[in-house]
Each structure stands twice: as structure tokens, then as C-alpha cells.
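Please read the structure below before turning to the comments.
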Amino acid sequence: MTKAELKRVCVKPYDKDKFEVVLDYTFILPSFNGVVPKGFKTDGASIPRIFWSFFPPYRSEYFSACVIHDYLCERANSRKDYKLADQALKEAMLLLGCSKFKCFVFYHACNAFHFVKCLIKSK
């Protein structure tokens, strides 16, 4: 597999608290490769407002990882797809130099949310 590589995503403001990807965003992660297409719209990290002082949703430190995660989640159809998206988020955050603590918090928060979402959806 190709060496993991991750550059920063290029976005422009789209709407209040939303951004649009300006150029195709190619990412190479340890376990997954892909492209977020130009024109994809994201809200950054979907973090409850109460936690914004600790984890701002548009922080450049992890914003690119959140764009990848949003893109993969938008296309997810199963628990397996969400697991892949959550793993991609964790790998991207690590490649971007985020602390292991932040990676742990983001990964497990997303994973728990998607677990519950899939449980509810299947009923």
C-alpha cells in the first residue's frame, strides 16, 4: 500500500457554519484511500455547542479529518461503513498531528453515536 499522506483540505464558506470543498481532496490513509470531490459541503466537526470551548468545530488542527469523516458518513449505508468512516477519522487526525487524547475522544464519541444511530435505524 502507498505511504499514508494527508494534506490540508481547501474550502470556502458556503453558508452559516458550512463550507464547500474547492478542489478535489485526495487522501491516503494507512487503511483507506479516497477522494472528497470538489463541491462537497461540510459543517466541520459536528460537536455539541456545549463542548465548543474545548473542541471548536472548525479548528484547522483536525478540520481536514472531519471533512473526510463527513464525506464517508454521508455515503454510509451500514454499521460497517460507519466503522470505516470512524477509523478514517482517527487515522487522519493522527496524520495531522493531533494528540492521542483528541483522537481517542473523537473516535469513541463518533463510534458510540454511530452505534446508537444504527441500532435505532434498524428498528
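Every letter in the sequence shown is one number past the one before it in our numbering, and letter 51, counting from 1, is 244. Think of the CB as a built atom: it goes at the ideal place given N, C-alpha and C, for glycine as much as any other residue.
When DSSP reads this structure, Gly232 sits in no beta bridge, so it has no partner. Measuring C-alpha to C-alpha distances from Leu288 to each of Tyr275, Ala302 and Cys259 identifies Cys259 as the nearest.
Here Glu213 is near Lys234, since their CB atoms are less than 8 Å apart. Val204 has Val214 as its beta-bridge partners, per DSSP.
Residues Ile221, Leu222, Pro223, Glu284 and Leu288 of the same chain have their beta carbon placed closer than 8 Å to that of Ala197, with the five preceding and five following residues left out of the count.
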